[in-house]
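Line by line, the protein sequences are chains A and B.
Numbering-wise, the first sequence is residues 1 to 207 according to UniProt numbering.
Numbering-wise, the second sequence is residues 1 to 207 according to UniProt numbering.
Ideal Cβ placement from N, Cα and C applies to all residues, glycine included.
Quick caveat, the model's predicted, so the values are computed rather than measured.
Notes to accompany the following structure.
2 protein chains.
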Amino acid sequence: MDTKSPPSERQLSATKRSAILSGAMQEFLAQGYAATTMDRVAAAAKVSKATVYSHFKDKEGLFIALVQQLQEKKFQVVYGSPEGKRLQGPPRQVLHHLASNMLENIIEDKPFQAFMRLIIGESGRFPELARAFSHHTPRCFLSILKDYLGAQSGLNLKDPEATARIFIGSLVHYVIFQELLYAKEVVPFARERMIQGLVDLIVNDSA
Amino acid sequence: MDTKSPPSERQLSATKRSAILSGAMQEFLAQGYAATTMDRVAAAAKVSKATVYSHFKDKEGLFIALVQQLQEKKFQVVYGSPEGKRLQGPPRQVLHHLASNMLENIIEDKPFQAFMRLIIGESGRFPELARAFSHHTPRCFLSILKDYLGAQSGLNLKDPEATARIFIGSLVHYVIFQELLYAKEVVPFARERMIQGLVDLIVNDSA
DNA sequence: GTCTATACCAGGATAGAC
DNA sequence: GTCTATCCTGGTATAGAC
Chain A
1 MDTKSPPSER
11 QLSATKRSAI
21 LSGAMQEFLA
31 QGYAATTMDR
41 VAAAAKVSKA
51 TVYSHFKDKE
61 GLFIALVQQL
71 QEKKFQVVYG
81 SPEGKRLQGP
91 PRQVLHHLAS
101 NMLENIIEDK
111 PFQAFMRLII
121 GESGRFPELA
131 RAFSHHTPRC
141 FLSILKDYLG
151 AQSGLNLKDP
161 EATARIFIGS
171 LVHYVIFQEL
181 LYAKEVVPFA
191 RERMIQGLVD
201 LIVNDSA
Chain B
1 MDTKSPPSER
11 QLSATKRSAI
21 LSGAMQEFLA
31 QGYAATTMDR
41 VAAAAKVSKA
51 TVYSHFKDKE
61 GLFIALVQQL
71 QEKKFQVVYG
81 SPEGKRLQGP
91 PRQVLHHLAS
101 NMLENIIEDK
111 PFQAFMRLII
121 GESGRFPELA
131 RAFSHHTPRC
141 FLSILKDYLG
151 AQSGLNLKDP
161 EATARIFIGS
171 LVHYVIFQEL
181 LYAKEVVPFA
191 RERMIQGLVD
201 LIVNDSA
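This is the structure in C-alpha cells:
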C-alpha cells in the first residue's frame, strides 16, 4: 500500500476536465479574464499546465467553455428558481414572494455575483458570451412573469411585458448597485423596502 | 526651420499629464485594467513610458487617477444633465422627459458605457472605486427625483424614494442589458415602450 | 494522457543620458 | 522632465519523457 490515491490510480479524462473547469471557475470569477493565469488555473485544478492545454485549445477556449457551462448549470438555480411552474395566486403575495426569492437567491450566491461582474466586465472583449447571456438567462423568468401579469385583469396594466421588465430590471439593478458596487455600505436601502415599493407600484389597490 | 512641432518645443508637465490621462482613458476603457499595457498607454499619449512613470507611481495609481477624473468630469454631463435645476410641471411630462433624456444621454455616450463596464468589471479588484461611484454618481439625480415625486400629492405614492430608485434602476438596467450586454440584438425592446411603461406605472391616472 | 522542463515573448518598472 | 535602452519577472504555449 502506498500513499497515493487509493480508488483509481490513473484518473480519467472527464475527471480532469471537470477539475480544470472547477479551477478555472475559481480563478476567472475571482480575477477576471486578463488577470487570470493558466498557471494558477492548473494549480487550482491540481493538474499540470500541459494537461490544461490538452483539454482546451487555449486560454480563450477554456474561458468560453467555462462560461457556457456556468450558464447551463448555475442558471437553473437562480433564474429557474422555485417558480419553474406557472405562477398563481393573488398578485400582492405572488409578486412579493417572487421578488423576495429572487433577491435572496442572487444576494446569497456570491459566485453568481462574480459571474455577473465577469460577463459585464468582459462583454467588450467577448460580445458573443454577453449575447448568449442576454438570450438565455432571463428568458423564462421574464416570459412567465409577463404571462402572469397579463392574466391579472384586476391590475389594469397597459403593458404587461414592460411591467415585467421594470420588475426584474429594478431588482437586478438593486443587486448590481447595492451588492456589486457596494452601495449598501455607502447609500444603504433596505431590501424589504425595495420589494414593497415595487409591489405597491404594480398592484396599487387603494387600500 | 525643422519638421518638429512649431508652437512649443518643450511641452510642459500639465500638458503631458493630461495627454497621459487621455491615452490611459482610451486604453483602459477599451481593454479593461489587466489587459491594458503601459506601453500602449504611452503610445496613445505620444509619450515615452518613463514619462508616464514620472507622473504616476504605477499602473494602479494611473488607473485610480483616471477613474477619479472621469467621475468628476464625465458625470456632470450624464447625471447632472439638463435637469440640474429642480423639476417642475405635470408628472407625465416631467417623468417622460426625464427618462427620455437620461436614456438618450447614456446610450449615445459610448465612453460612458465603457466606463460602466469598467467600474462593474473591476469592482472586485478596486472596491474603493466602486464605492466612490455608488456614492457620487446617482446621488443628486436620485435626490432630485425623490423630492419631486414626494411633492406630487396627486400621485399617491407610498414611498417616493423607493419609486425614484425603481425609476432610475429600471432605466439603468435597461442600458446595461440592452446596450452593454447586446440584448438589443437578441431580445429587442423599444426604448419608448420602456419609458411609457414606466411612466404609466407611476402616474396611473385612469385615462 | 499526463507530467517536467523549457522556449519564447511581453509587460512593468528603472537607470542614466540629455 | 523627458527620452532611450534595459532588466527581470512572469505569462502562454509546447516538446519530449513516461
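- CA-CA distance, R125(B) to G121(A), rounds to 12 Å.
- Any Cβ of chain A closer than 8 Å to the Cβ of N204(B) would place that residue at the interface, and such an atom is present.
- Any Cβ of chain B closer than 8 Å to the Cβ of G124(A) would place that residue at the interface, and such an atom is present.
- Our two residues, P111(A) and D205(B), have alpha carbons roughly 43 Å apart in a direct line.
- Per DSSP, the unbroken alpha helix (DSSP H) holding T163(A) starts and ends at 160-174.
- At a cut-off of 8 Å between beta-carbon atoms, P127(B) makes contact with chain A.
- Looking at the backbone, the Cα of L155(A) and that of V67(B) are separated by about 45 Å.
- For L157(A), the secondary structure class from DSSP, reduced to helix, strand or coil, is coil.
- Assignment of T15(A) by DSSP, reduced to helix, strand and coil, places it in the helix class.
- With respect to chain B, the C-beta atom of G61(A) has no partner C-beta closer than 8 Å.
- From the beta-carbon of F189(A), the residues of chain B found nearer than 9 Å are E161, A162, R165.
- Contact between A19(A) and A35(B) is absent: CB atoms are separated by about 27 Å, not below the 8 Å threshold.
- Every alpha helix (DSSP H) stretch that sits fully inside the region 103-151 of chain B and reaches 4 residues is listed by chain position as 110-121, 127-136, 139-151.
- The count of Cβ pairs closer than 8 Å, one atom from the region 152-172 of chain B and one from the region 103-110 of chain A, stays below three, leaving the stretches out of contact.
- Neighbourhood of G197(B) in chain A, by CB distance below 7 Å: D159, A162, T163, I166, in chain order.
- Shown here for E179(A): same chain residues with a beta carbon closer than 7 Å to its own, the five before and five after excluded, namely I107, Q113 in chain order.
- Interface residue (Cβ-Cβ distance to chain A less than 8 Å): D58(B) is not classified as such.
- In this structure the region 125-136 of chain A does not lie against the region 37-53 of chain A, because fewer than three pairs of beta carbons, one per stretch, are closer than 8 Å.
- Not a single CB atom of chain A sits nearer than 8 Å to the CB of F28(B).
- Cα atoms of E60(B) and M38(B): separation of roughly 11 Å, rounded to the nearest angstrom.
- Bounds of any alpha helix (DSSP H) do not take in L181(A), whose DSSP letter is neither H nor E.
- In this structure, R191(A) and L103(A) form a Cβ contact; the two beta carbons are roughly 6 Å apart against a cut-off of 8 Å.
- Using beta-carbon distances, S54(B) does not count as an interface residue toward chain A, since no partner is under 8 Å.
- Contact annotation for L98(B) against chain A: no contact, minimum CB-CB distance about 15 Å [criterion: below 8 Å].
- When R17(A), V203(A), A30(A), I195(A) are compared, the shortest CA-CA separation from M116(A) is found for A30(A).
- Taken through DSSP and simplified to helix, strand or coil, D200(A) comes out as helix.
- Distance between Q71(B) and A42(B), taken at the CA atoms: about 22 Å.
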